[in-house]
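Heads up: the structure comes next, in structure tokens.
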Amino acid sequence: MSTFGWRLRGLLAAAVVVAIGATSAWVLRDTTLDGTQSATLPSDSAAESGLESDGDPGVAFGGVVPEYRSGAVARAWFCPGIPGRDRSITGEIVVTNPTENPIGGSLTRFSVDGTARSERFTVAGRSTQRLDARGNVSSRFVSSLVEIDGSDAIVEQRTFHRAGNAVAQCAVGPAASWFIADGFSGADSLFDVVITNPALDPAIVDVAFTTAAGERSPQALKGFVIPGRSVRVLDAGDLDARNETILAVSVRATVGRIVVGRSQHYLGRGRLGYTMALAAAGASSRWYFASGEKGDGIDEQFVLYNPGNDDAQVTLIITPTSRSAEAPDPVVLTAPARRVTTYSTAQMSALKPGTYAVIFGATSVLGDTTRDVVVERVTTRRIDGTTVTTVLLPATRPATQWLAPAGAATTVDAGLVIFNPGGEPATVAVAALGPAGDVPVAGYESIVIAPSTAANVTLPADLDGRALRITSGAPVVVERAIARGGTLRGVAAAPLLPVVP
Amino acid sequence: MSDAQQLPVGHSEAPPVVVAMVVHEPGPWFGEVLDALANQDYPNLRHLFLVTGTTVAGVHDVLRGKFPRATVRTVEGNPGFAPLVNQVPALVEGEAGFFCIVHDDVAPAPDAVRRLVEEAFRSNAAVVGPKLVEWNDPGVLQHVGLLVDRVGEVVDVVDPGERDQEQHDAVRDVFAVPSAFLLVRNDLFRELGGLSPSVPFFGEDVEFCWRVHLAGARVIVNPASVVRHRGGFAQRSQISHPEFRAARHRLRTVVTLTHGSRLVRALVAFVVVGIVDLVVGALNGSTRAGIAALRAIPNLLAEIPLIRSRRKVVAPMRRVGAREIAALQVRGSARVAGWLRHRRALREASTSEHPGVAESGAPTGDAPPSSRAAGFAIVAAIVVWLVAVRDVVLDGIANVGRFVPVVAPGESWSDVVRIVWSGWSPVGFGDAGTVPSWFATVALGAGALLGRIDAVASLIVIASLPLGAIGMWRLGGIFDSLRARTFGALAYVALPVAASAVAAGRTEALVVWALLPWIVDFARRWSGTDDADDGALGARRTQLVGSIALVGAVGILLAPSFVVVLVVVAVGALASWPIVGGAFRRAGHPAASVAIVVVAGLVMHFPWSRRFVAGDAWSFFVGTPSVPGSHGFLDLLALGTGSTLWRWFVVVAYAAVPLVLATVDRRAGEWVARMSVVGALALVVSALAQAGRVPIAVPEPLVLAVPVALALALVVGAAARGLEGLRRRAFSLGHVAAWLAAVVCVPLVVPALVTAADGRFDQPRTTLASLLAQLPHDPPEGDHSVVYLGDPRVLPLASRRLTDHLSFGIAADGPLTAAAQYLPRRTLMDEALERDVRALVEGRSLRVGRLLAPLAVRYVVVPLRDGITRPNAQSQLESRRAIDALSAQLDFRRIYTSTDVVIFENSVALALVSVLDEKSSLASAQAGDELLLAADLAVTRVPFSGMRVGERNVGETSPGAFHVAVPFSDRWTLRVDDAEVAPRVAFGMSTAFDAPLAGTATLTYDTPFTYRAALVVQFAVWLAVLVACLNPSRFRGRVRAARILPVVALRGDDDDRVVL
């Protein structure tokens, strides 16, 4: 090869090497020059508080939002607990096995004194097993851990209270942060925050609460220790928040993971009744209510709790479920940081009496990013001179399948309310769990729900207490009514369990 | 000298002197030589000419014409000077008088022989030598006798280029005189057997004179006898590497003739002087003498039989004590003395009237100034290296990253031997028959470390640095310039790959860095140096292929990702062929080298190599995988350094690449361009991996940075070579490019020096290992395993990938050891572990503790950082989520939390060896995660802890399933008292024995004979490859040549003899 020929080749080699180097730079063009700075790590506080959101509410909730995820190796359900000292109050753990085969599991009851007791149980195929939530445990509150051998059973907790029965969902795991948007201790109403630490290690939590006067963090509740495998209960007195009509609570575990429930016995100041529910295991930027109602004798209030450090702008989109009704303009609210904001549909003149669905969306004040808040609906109805208050923590996303192990109220107009928030019609089937499989509910084998409308399902009496499955061709949101039990009038609201693919 | 002392001319009583000349292809000066001989005034002079067969026939006529009465015999071929001279006694009848051994390039003064004879009588000397002066300038002294030290090094009495001012004209005893012209007594020459046949040239005179001294005779020099000497035998004979032959002959002489009582001392001195020569020579720009001396030592092993026989021959001649002989020799080093004298001569060169003083001096004076600069650079590099590793040498390497001890504290090399011999691999949960060859290597090499097996990690670090530099220096042979190859090697060291690898404890990167230049160099040598060269053939090719195999096998041993890097090099080299051109074999031989390495790995590492062909072989060879998004383009260019200053120096140095490629000449440029393409390919692979666009895992960026560094170092070498030629060429673009390239590369040295000054490469003082020391080792509650989960770059052990940012690895209890540095073969237990860890991080169960229980996983460690490696945001997030998942587990306790590491304890884990209760025993007969999740396994007894495979493990047992958390193998045997219990599969993966009774349990592993046979074969294969690398044909040839007395076949009339 001549010198000239080699020079050409040398230049070619130089060009190729430079081109390859440039290609490398182009490949990494989306990163900064220094890769260590190319991604943004959520702040420690955000990560620890569980407030970080990557658009997946399940993740935002730390993976413990009550839902049924297929593919789990095994499923554990953490039920918030029932009062354990009052013999008039009982509870049950409803375990539904929708499969053909029997499923085994264990039920562990946690008590305040730290004695956790386990027992094995079996649920026959396509049947529901009801287990005593309290057993022989004597404790102020008894919470439960239900572990299923396999992943196919679903669990709820039911509380039988003289002021009204309640169905509470069970978390699928402990979490670091829990929020209660609506607490109430007015007229000496009984408000209990039930904290369960199912792990072996002690958990250390910081408890803060927000009243109309602002947020408070009692020193006694900072670094509050929850011993392993035990329950601790904080009432309004412990919080130094007696007689508060606005009372939001945040429980953050700095060490360990916990489960938090709320037991609420309303005794006056416009509220009566009993609720027992799981707290929100995190906040979300979206909340879906399938049913709402404005009318005489109905006081409906949405309680927004912004546990973050930045103010949020919350938009309420109210969608009348009757096609003929006109949708009012969206309402925009400002939810100050670490404050509770309430909004009553009664003050919305543009909203005509009737039923509707409500969607909440939270953003920053500038509207450029999402913000996570907690929303609950407090509905107080006067029925034949009786006041019934019910509180609902709504769904954070629509789903194509919903489960209700404890069933829903029968022979009422809206045992189930199914809302289609999407833009396409949804074909929905309602079925009950039977010994031979799912049994379609007559009249609801295949109903079409138009976009932005809802359908009410009236369940026949023979489905009382039967597990239900709602299947839809498009994502929908479902709520249910729960019979209050005994001679009590009215119904209570309860969420269902979404199925996540 | 008075006239009375002179023998009268024509005196009939003058003893006969036979002038014996070996004539070998003489040059035009030969007529002058013969004239000088013919003009000798000695009255009783005979002439004997021994003409080699390669000499032109006309020489005979010349000799006959000049010396009609001379004996002229022709010899078949050229058996060498000494064998020819040794024919003289046979061709001379009678033992009277003297022999005058003469080269064919000397011109004695007319009275030279006479004066030697006179002095022989006067001094009663056996050997007398003349004053040798320069052929072209008789006023300059060449030799006036030779002084020799105790290691056979020769130093002249005169300085190089010293003018003759009669300052050396006194007759004196010397240790030796050059064989160019020496007078020796006939009878003594016969008695001593002539010159040594084992030293045919280069040192034959010293060897002979040494024996003369042993025989009690005198060797003197008579400067009154003057002989002009042309010299230059090495150049005339075209002998390759004359200095190496001279060194071998010298050592052979020393070992043969030194008295037994001083032999060891002499050998040690030989080594020490060789090293000193190397260092001093490096300062002076020539390391050949030192290298030659050191290279001669291993050659000695092959010559032991020869030397023994020679010593037997010499033994009867020893009439003088060792002390007296030593007294005749120079104390200290003759080479050092010669060097000092040479320096003095150089200083005086300006006043010397002889123009060639500097050039005609000692061999070290041949070095040009550039070589001297290179020599200083080498010495400086050695000093910097010593400074850089000082703390590593004194305190040992810090257990950072993947730098871990071979065995746990309290264990010794005998434990390593036990592991190797047992055949049960300690890697992961254990495996039958796949013990990494590393343990066998350590077991065999422990003796070399004087039992300091704990020093292996430090040794790897300390040795890797010079190893990589030497490899690069060898590869720099493409430049044909000492300065270029030296600066190329220095650049390779100065680039931050090695320092970053040591700082972060990246064994793989360090080993690849140290070995890659060697492989490339072997491939280069194999393929030939230019188009006209067909490459290495025969024994040389075998040697190179063996070397590639050996280096490749060692690479796999220490860094399996070496294979992946070689693949990148091979692909890059092939891809470069259309661009660079040249013979295809030079681009193809790197690819062939990969094939050799793969085959060598499979063969030389068998039975461990069964692991190489397992389903997850790629993961095994990738090692620590690249984590997408962890490095930006600047990081990749910076070759691993996090130093702000250093990284910019490195990045700027890339500017030299196009400059050099565009201007370098073809001879060196072909390989520079080829490796530049390879480096660019490695860079783009790394970039694609960082961008998440490579469908398979690739090694971490620091490993892939090695080819880039190698290419850059070659570019630096090419730039240095370009600078070297500046003075000889007219100004051109190449000048500008060379200067610019040099300017951008020089700053690389600064941060390298700063790092070296630290003494331990900026390794963190607090390491992850120190935090993990809290984990118990062989605790009384039973042995167990530890799972490490986190960013693969932070994990201090070999790991499997869960996600791009999350990996996990398994290790035995206690501190991490070498066993954890190898990815285990995927057994059912490993599959279960992966399934369980995946379920853990995906939050699919809160009872993962129960799933891990039969695997004896007691601890889960989540390292977050190790003081050097900072995981990127996504890695941190995923690690934090893993911690969240562990925190939510119902059977785990968090026992330690810090910013660096979080440790969880699995409260339901079984011990490695445990006896299960009845319910758990029944459960162990079944398999499946559902079973484990429902089962709350209970243990009734832990028979023993600190299980040692290869030994009898004894403990008390109770009825129940005797569970051993190792993959099932029917080679495990359990004896309860005298009853043997058959093993069975437990939980579908591990091993259990259903022991019906309580008693003393003995657990052993029965090693198959085939495994041990395979070990022996493996050892033999390694030996064979080592032998191939050493190219024994070289030694065989030498030994044969030294052993076999050359057959001297004389042609002509056998009656043509000299009769005295």
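As given, the protein sequences belong to chains A and B, one line each in that order.
The opening position of the first sequence corresponds to residue 200 in our numbering, with each subsequent residue numbered one higher.
The opening position of the second sequence corresponds to residue 37 in our numbering, with each subsequent residue numbered one higher.
Using N, Cα and C, we set each Cβ at its ideal position, and we do this for glycine too.
In this text, all values refer to a predicted model and were calculated from it rather than measured experimentally.
Measuring straight from C-alpha to C-alpha, what distance separates residue i and residue j?
i, j, result
"G427 (chain A)", "G324 (chain A)", "34 angstroms"
"F260 (chain A)", "Q368 (chain A)", "The predicted model places F260 (chain A) with a pLDDT of 39, which falls under 50 and marks its position as unreliable, so this point remains unresolved."
"W65 (chain B)", "G481 (chain B)", "58 angstroms"
"V163 (chain B)", "P52 (chain B)", "15 angstroms"
"A727 (chain B)", "L738 (chain B)", "16 angstroms"
"G646 (chain A)", "V676 (chain A)", "Just to set this straight, residue 646 (chain A) is Ile in the shown sequence, not Gly. Roughly 15 angstroms between the two C-alpha positions."
"T395 (chain A)", "E914 (chain B)", "26 angstroms"
"S563 (chain B)", "P694 (chain B)", "26 angstroms"
"F475 (chain B)", "G588 (chain B)", "17 angstroms"
"Q962 (chain B)", "A1022 (chain B)", "7 angstroms"
"F135 (chain B)", "V213 (chain B)", "14 angstroms"
"G668 (chain B)", "R228 (chain A)", "9 angstroms"
So the beta strand (DSSP E) residue i belongs to, where does it begin and stop?
i, result
"E575 (chain A)", "573-582"
"D331 (chain A)", "326-331"
"V450 (chain A)", "446-454"
"C278 (chain A)", "274-282"
"S619 (chain A)", "Correcting the residue type first, residue 619 (chain A) is Asn in the shown sequence and not Ser. Counting along the chain, the beta strand (DSSP E) containing N619 (chain A) begins and ends at 615-619."
"D637 (chain A)", "636-639"
Going by beta-carbon coordinates alone, are residue i and residue j separated by less than 7 angstroms?
i, j, result
"L127 (chain B)", "L84 (chain B)", "yes"
"L518 (chain B)", "R354 (chain B)", "no"
"T541 (chain A)", "Q500 (chain A)", "yes"
"G507 (chain A)", "A534 (chain A)", "no"
"S429 (chain A)", "G313 (chain A)", "yes"
"S500 (chain B)", "L546 (chain B)", "yes"
"V336 (chain A)", "S310 (chain A)", "yes"
So for residue i, helix, strand or coil by DSSP?
i, result
"K348 (chain B)", "helix"
"L592 (chain A)", "coil"
"R871 (chain B)", "helix"
"C369 (chain A)", "coil"
"Y528 (chain B)", "helix"
"K955 (chain B)", "helix"
"V215 (chain A)", "helix"
Looking at the secondary structure, which residues open and close the alpha helix (DSSP H) in which residue i lies?
i, result
"W1058 (chain B)", "1045-1066"
"A575 (chain B)", "574-594"
"T699 (chain B)", "692-699"
"H820 (chain B)", "Looking at the DSSP string, H820 (chain B) is not in any alpha helix (DSSP H), and its letter there is neither H nor E."
"P125 (chain B)", "124-127"
"R431 (chain A)", "It is not in any alpha helix (DSSP H) - R431 (chain A) instead sits in the beta strand (DSSP E) that spans 429-434."
Identify which residue in the options has its Cα closest to the Cα of residue i.
i, options, result
"S1005 (chain B)", "B:G466, B:G296, B:T88, B:A417", "B:G466"
"G133 (chain B)", "B:R226, B:W654, B:A1018", "B:R226"
"D495 (chain A)", "A:V366, A:N300, A:R580", "A:R580"
"L687 (chain A)", "A:I219, A:D583, A:A635", "A:D583"
"Q910 (chain B)", "B:E867, B:V951, B:G826", "B:G826"
For the ligand GTP, any of its heavy atoms closer than 6 angstroms to the Cβ of residue i?
i, result
"A623 (chain B)", "Ligands displayed in this structure: none; no statement on the ligand GTP is therefore possible."
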